[in-house]
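In order, the protein sequences belong to chains A and E.
Numbering-wise (our numbering), the first sequence opens with residue 1 and increments by one.
Numbering-wise (our numbering), the second sequence opens with residue 415 and increments by one.
All C-beta atoms, glycine included, are put in the ideal place defined by N, C-alpha and C.
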Amino acid sequence: MQTRTLVGMPRAHAAILFLALALGLLACAFDGGSRSWDPVAPEQWQAERGPVVPHDSFPSDCALCHEGSTWHAIREDFAFDHAAETGHALVGAHEKAECLRCHNDRGPVEIYAQRGCIGCHEDVHEGKLGDTCLDCHSESAIDWRPKAAIAEHATTRFPLVGAHAATACWACHPGAQVGNFQQTTTRCVDCHARDLATALEPDHAQQGWTDSCERCHLPTDWSRAGFEHGFFALQGGHDDLACSACHVGNDFGGSSSACFACHADDYRSARDHKPPSYPTDCTQCHTIYGWEGARFAHVGIVNGCANCHADDYAATTQPNHISSGFGTACEVCHSTKTWGDGTFDHNAFPIFNGEHAGLSCQDCHPVPGSFRQFTCISCHEHSQREMNNEHARVRGYAYQSSSCYSCHPNGRQG
Amino acid sequence: MTPMKVWSCRVFAVAFACGVSVAAEVRIEIRVTSTAGNAVYIDRGSKSGMAAGDRVEFRLESTELATGVVRSLTANSARVELDPVSARPLVGTRGEVLVPDARAIPDSGERRDDGATPAVDRPPWTHPPEAWDTDRPLLAPAFAITPEERESRLRGRAWLRFDGTEDGEGDRTFGLAAVGTDMTLENPFGDGGAVRMDVEAFTRMGDVAADDGLYDYDDARMRIDRLAYQVGGTEDRPNRFLVGRFLQSGMPELGLLDGAEWNHRTTGGSQFGAAFGWMPEPFADRSSFQDLQASVHYRHAFDPAQRATVGLAYQNTWHEGESDRNLFIARAEVRPSDRLSLRATAWVDIYDSGDTIKSSGPELTEAHISGTWTTPAGDGLGVFALQRRIPEILRDEFLPRRADDIEGSVLDRQGVNGWTQVGARMRLDARLEHWSDEDDDGLTGEVGATFSDPFGAASSISGTAQWTDGSYSSGPGARLHARDMFGSTAVGLGWQSFWFSQKDYGGSDDQISQHSLFGSVDVPLSERWDLSFVADRSIGDDLDSWTVGFLLQTHF
Numbered sequence: 001m002q003t004r005t006l007v008g009m010p011r012a013h014a015a016i017l018f019l020a021l022a023l024g025l026l027a028c029a030f031d032g033g034s035r036s037w038d039p040v041a042p043e044q045w046q047a048e049r050g051p052v053v054p055h056d057s058f059p060s061d062c063a064l065c066h067e068g069s070t071w072h073a074i075r076e077d078f079a080f081d082h083a084a085e086t087g088h089a090l091v092g093a094h095e096k097a098e099c100l101r102c103h104n105d106r107g108p109v110e111i112y113a114q115r116g117c118i119g120c121h122e123d124v125h126e127g128k129l130g131d132t133c134l135d136c137h138s139e140s141a142i143d144w145r146p147k148a149a150i151a152e153h154a155t156t157r158f159p160l161v162g163a164h165a166a167t168a169c170w171a172c173h174p175g176a177q178v179g180n181f182q183q184t185t186t187r188c189v190d191c192h193a194r195d196l197a198t199a200l201e202p203d204h205a206q207q208g209w210t211d212s213c214e215r216c217h218l219p220t221d222w223s224r225a226g227f228e229h230g231f232f233a234l235q236g237g238h239d240d241l242a243c244s245a246c247h248v249g250n251d252f253g254g255s256s257s258a259c260f261a262c263h264a265d266d267y268r269s270a271r272d273h274k275p276p277s278y279p280t281d282c283t284q285c286h287t288i289y290g291w292e293g294a295r296f297a298h299v300g301i302v303n304g305c306a307n308c309h310a311d312d313y314a315a316t317t318q319p320n321h322i323s324s325g326f327g328t329a330c331e332v333c334h335s336t337k338t339w340g341d342g343t344f345d346h347n348a349f350p351i352f353n354g355e356h357a358g359l360s361c362q363d364c365h366p367v368p369g370s371f372r373q374f375t376c377i378s379c380h381e382h383s384q385r386e387m388n389n390e391h392a393r394v395r396g397y398a399y400q401s402s403s404c405y406s407c408h409p410n411g412r413q414g
Numbered sequence: 415m416t417p418m419k420v421w422s423c424r425v426f427a428v429a430f431a432c433g434v435s436v437a438a439e440v441r442i443e444i445r446v447t448s449t450a451g452n453a454v455y456i457d458r459g460s461k462s463g464m465a466a467g468d469r470v471e472f473r474l475e476s477t478e479l480a481t482g483v484v485r486s487l488t489a490n491s492a493r494v495e496l497d498p499v500s501a502r503p504l505v506g507t508r509g510e511v512l513v514p515d516a517r518a519i520p521d522s523g524e525r526r527d528d529g530a531t532p533a534v535d536r537p538p539w540t541h542p543p544e545a546w547d548t549d550r551p552l553l554a555p556a557f558a559i560t561p562e563e564r565e566s567r568l569r570g571r572a573w574l575r576f577d578g579t580e581d582g583e584g585d586r587t588f589g590l591a592a593v594g595t596d597m598t599l600e601n602p603f604g605d606g607g608a609v610r611m612d613v614e615a616f617t618r619m620g621d622v623a624a625d626d627g628l629y630d631y632d633d634a635r636m637r638i639d640r641l642a643y644q645v646g647g648t649e650d651r652p653n654r655f656l657v658g659r660f661l662q663s664g665m666p667e668l669g670l671l672d673g674a675e676w677n678h679r680t681t682g683g684s685q686f687g688a689a690f691g692w693m694p695e696p697f698a699d700r701s702s703f704q705d706l707q708a709s710v711h712y713r714h715a716f717d718p719a720q721r722a723t724v725g726l727a728y729q730n731t732w733h734e735g736e737s738d739r740n741l742f743i744a745r746a747e748v749r750p751s752d753r754l755s756l757r758a759t760a761w762v763d764i765y766d767s768g769d770t771i772k773s774s775g776p777e778l779t780e781a782h783i784s785g786t787w788t789t790p791a792g793d794g795l796g797v798f799a800l801q802r803r804i805p806e807i808l809r810d811e812f813l814p815r816r817a818d819d820i821e822g823s824v825l826d827r828q829g830v831n832g833w834t835q836v837g838a839r840m841r842l843d844a845r846l847e848h849w850s851d852e853d854d855d856g857l858t859g860e861v862g863a864t865f866s867d868p869f870g871a872a873s874s875i876s877g878t879a880q881w882t883d884g885s886y887s888s889g890p891g892a893r894l895h896a897r898d899m900f901g902s903t904a905v906g907l908g909w910q911s912f913w914f915s916q917k918d919y920g921g922s923d924d925q926i927s928q929h930s931l932f933g934s935v936d937v938p939l940s941e942r943w944d945l946s947f948v949a950d951r952s953i954g955d956d957l958d959s960w961t962v963g964f965l966l967q968t969h970f
């Protein structure tokens, strides 16, 4: 869309400028003196008009005001202290106004003056803005325009906040140019109906969001919609999503705040995520900021690891749990912190202290990957004959490791 | 010295002083010729030996005392400022001035050679004798010539103005350029009437880049606010006729009219009249001829000074031929004294079966009540209250409203403001207002102080703190404004800030601040040309705007 600047006025407006120029020239012509009346100071008057107001209330000494060879001349040094003489000070434009603007054929000016501004000035607001004109206007000759509009507007129901403070009056008050500020509502939608009609993402009208815009939007900018999404914080990527990404079909009623409600496909395609044993409460492992860096809390899980970690079980080679005949009760050896801290319960045959401490697994389990097989006699270089003699009276003795273990389960003599 | 001797000396001294005083003063008889505020004019001046400072004592018919001091004087008159506790003498009241014998001048016309300005040489009297009757004094004052006897004259003003706002944050631009004139041509047809014309041609543009042109303006129009001929309505012509486009003069609350109005003023100051015509819509282009109206009005004055008046008007309108509005307007104004003013206006619509939203019967659509009380010391107190409903009308007078708004919305506002003068150069102001509507209510207020002449004559500096509680936003604000004169050029500079909290908004950006620096320069280019500049720089949350404007106007 074309963006205009203050100086980029449409060409069609040249007519207005031409008119402005014409009026300006007209005013200059008047100011130049080519007219039938002479310019006079405010306290003077056109002599050719004769006495305009009755003088019966004036001082009897005519020389107070008049001088020269004709009564039509006002003394050059004539001055009238309106405040001192009447008790009513003339301020701003009134100080410069011709006396006859107020003291004229209408009758005693006191009658009009006592009514305030509207005694003499037309009430262009037609009585709808009260009689305290000076709340918005000053008496300055130049500055009869409203003053301190922003601050004064702040005393109403609708302070001009954000963008509204930089908006032309007539954008909200279509009658502002003719002094009509009436019946302008404070409801956002009454001025922003066109915004509402074009708000399709989401479709506000379809959702019934046709009122109370302030619940979602700031008065500074529509795009800074700040819907109170407290039941599900719009963070970690959710803040950039279109509403329809979660609220499919513009259905905003009863949307679940559970991750799985939207991320079921992610769950299914994720490795290991297999219901029903794997929880669908994503927040147990993931944060709202991303799938990566998941941390499964394992809170309350004391068994059944293989339900999720069967692949881990099968893939483990050091040692190979399958061939080693390890059970799938992972919790027997491992904690939920890490696989690396596996602690096999070898206490029945102590290998962490005593004579067998410090041995490698292969010293006793020579067949790689098989911890079911072990040998005692490969280390204990006993003479079979001597062992046979020594165990002659031992029933069931055989010169093989399993026999050694059956009688020496703790690896000690005796 | 014994006490008795002391008292003897005092009595002697007083007696001597009195004797000297009595012997040294001359009594001058005077008479009041006019009154003005707390001063009166008397018919003697320097030719009688009077001087500024002389005391004057008036002889009233009552027992009240009226005294004053001569403040200024000419040869044959003097202005006497009345003492604060003095009664007010009427025109014709006699009195006396005690003038020291050394200054007293006999009224025989013999003058002392005191260096006074010689009397002006009066020309021969050429004014034709006027009709005289026994009700007029022998020395008749000058009477005004009638409006129809005066030369035709054009007076008024013309202006060229521009206001533009550019908000960089929202990429929004608004501009308004206008040229206009408000002029009156007096007595163009020799019947004492006047043609009033108030027109303005303007071009507006509005561009909000982010809204895809939803609210863009780009138009140029000419608006006629007044174009009417008025005759009568002067003190000597109680009937006033208006035709053309004008604001109804009998009761401005009836609105602008394309038509005719007749108004009659009685000798007691009461007025009544009627008007008929079309009502232009109150929007920028003043389109008309859709709403026809007929109205009558009466305003009763209870006294010649019109210190108490009541008025009543009735207006019936038709929108594009269909009956629309039955409206009564009542107004009362009471000013029991110069210090107290009370005013009330009410608009009452009468609904009938043709109205689908409002119930049949009368309903108060709008009411204003206000009062102002001031003291001689410059202090004052004002109160006001208003109630406003949305009328059910066909006329295009405001933005479209929902039916439930028309049916039930009501706005109430009440307020009180006061001001007091603290010393000669400081004034304190305070204002408190409460509003309520069908949804919410709030309290706003402000306190401020203005110091006069801090930088020199005609300068001022003011500071105000305020609290705003609006429908959606609330929070504190403050502003400072200074104004000074550099020759005949007035320069103003101000700053204001607001810190708003947004209601009903649960996000994290619910605090909104905005700050403005603004200034103005008013330059009288000549006796007839004025130029005024204004500028405003505002920044804040999603706000980064410049506003500039100027007004060039000439008076003729």
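Return no unless some Cβ of chain A is closer than 8 angstroms to the Cβ of residue 659 of chain E.
Chain A has no Cβ within less than 8 angstroms of the Cβ of residue 659 of chain E.
Is any beta-carbon of chain E found at less than 8 angstroms from that of residue 232 of chain A?
no
Would DSSP call residue 552 of chain E helix, strand or coil?
Residue placement at residue 552 of chain E is poorly supported in this model, since its pLDDT is 48, which falls under 50; the coordinates are not used for a value here.
Report the residue from E/465, E/497 and E/815 whose alpha carbon sits nearest the alpha carbon of residue 193 of chain A.
For residue 193 of chain A, the nearest C-alpha among the options comes from E/815.
For residue 840 of chain E, count neighbouring C-beta atoms within 10 Å of its own C-beta (all shown protein chains included) and say buried if the count is 16 or more, exposed if not.
exposed
Tell me the DSSP secondary structure of residue 595 of chain E in three-state form.
strand
Element boundaries [alpha helix (DSSP H), containing residue 775 of chain E]:
In the DSSP assignment, residue 775 of chain E falls outside any alpha helix (DSSP H) and within the unbroken beta strand (DSSP E) covering 775-788.
Output, in sequence order along the chain, the residues in the segment 147-172 of chain A whose CB is closer than 8 angstroms to any CB in chain E.
Of all residues in the segment 147-172 of chain A, 148, 150, 151, 154, 155, 156, 157, 158, 159, 161, 162, 163, 165, 166, 167, 168, 170 and 171 have a Cβ within less than 8 angstroms of some Cβ in chain E.
Contacting residues, own chain, Cβ-Cβ under 6 angstroms from residue 653 of chain E (five flanking each side not counted)
The residues are 646 and 678.
Using only CA atoms, which one of A/400, A/251 and A/110 lies nearest to residue 751 of chain E?
A/110
Between the beta-carbon of residue 700 of chain E and the beta-carbon of residue 637 of chain E, is there less than 8 angstroms?
Less than 8 angstroms separates the beta-carbon of residue 700 of chain E from that of residue 637 of chain E.
Are the C-beta atoms of residue 758 of chain E and some chain A residue less than 8 angstroms apart?
no
Between the Cα of residue 916 of chain E and those of E/970, E/886 and E/904, spot the shortest distance and give me the residue it belongs to.
Taking only the C-alpha atoms, the option nearest residue 916 of chain E is E/886.
Please name the residue or residues paired with residue 895 of chain E in a DSSP beta bridge.
E/876 and E/908
Apart from the five residues on each side of it in sequence, which residues of its chain come closer than 7 angstroms, Cβ to Cβ, to residue 35 of chain A?
Unreliable positioning characterises residue 35 of chain A in this predicted model, as indicated by a pLDDT of 44, which lies under 50. A coordinate reading is not provided.
For residue 514 of chain E: DSSP bridge partner residues:
Answer is E/439.
How far does the beta strand (DSSP E) with residue 957 of chain E in it reach, from first residue to last?
Residues 957-969.
For residue 817 of chain E, is the classification buried or exposed, using 16 other Cβ atoms within 10 angstroms of its Cβ as the cut-off for buried?
exposed
Beta carbon of residue 883 of chain E nearer than 8 angstroms to that of residue 862 of chain E:
no
Of all the CB atoms in chain A, is at least one closer than 8 angstroms to the CB of residue 490 of chain E?
yes
Against chain A, does residue 649 of chain E count as a neighbour if the rule is that its beta carbon must be under 8 angstroms from one of theirs?
yes
Cutting at 7 angstroms between CB atoms, please list the residues of its own chain near residue 931 of chain E, excluding the five before and the five after it.
909 and 951
Would residue 218 of chain A be called buried (16 or more neighbouring beta carbons within 10 Å of its own) or exposed?
buried
Exposed or buried, residue 747 of chain E, counting other C-beta atoms within 10 Å across all chains shown (16 or more means buried)?
Flag for residue 747 of chain E reads buried.
In whole angstroms, what is the alpha-carbon distance linking residue 213 of chain A and residue 195 of chain A?
11 angstroms
Cβ closer than 8 angstroms: which chain E residues qualify as neighbours of residue 110 of chain A?
719
Is residue 88 of chain A helix, strand or coil by DSSP?
In the structure shown, residue 88 of chain A falls within a coil segment according to DSSP collapsed to helix, strand and coil.
Can you list, in chain order, the residues of its chain with a C-beta nearer than 6 angstroms to that of residue 117 of chain A? Leave out the 5 residues immediately preceding and following it.
133.
Quick test of the definition: if touching needs 3 or more C-beta pairs under 8 angstroms, does the segment 77-89 of chain A touch the segment 504-512 of chain E?
With a cut-off of 8 angstroms, the segment 504-512 of chain E and the segment 77-89 of chain A do not count as touching, because too few Cβ pairs lie within range.
From which residue to which residue does the beta strand (DSSP E) around residue 496 of chain E run?
492-496
For residue 126 of chain A, decide whether its Cβ has a neighbour in chain E, counting only Cβ atoms nearer than 8 angstroms.
yes
Between the alpha carbons of residue 583 of chain E and residue 176 of chain A, how many angstroms are there, rounded?
25 angstroms
Measure from the C-beta of residue 268 of chain A to each C-beta in chain E and report whether the shortest distance is under 8 angstroms.
no
How about residue 140 of chain A: is its C-beta nearer than 8 angstroms to some C-beta of chain E?
yes
Is residue 696 of chain E helix, strand or coil by DSSP?
coil
Please confirm whether residue 606 of chain E and residue 560 of chain E have their CB atoms less than 8 angstroms apart.
yes
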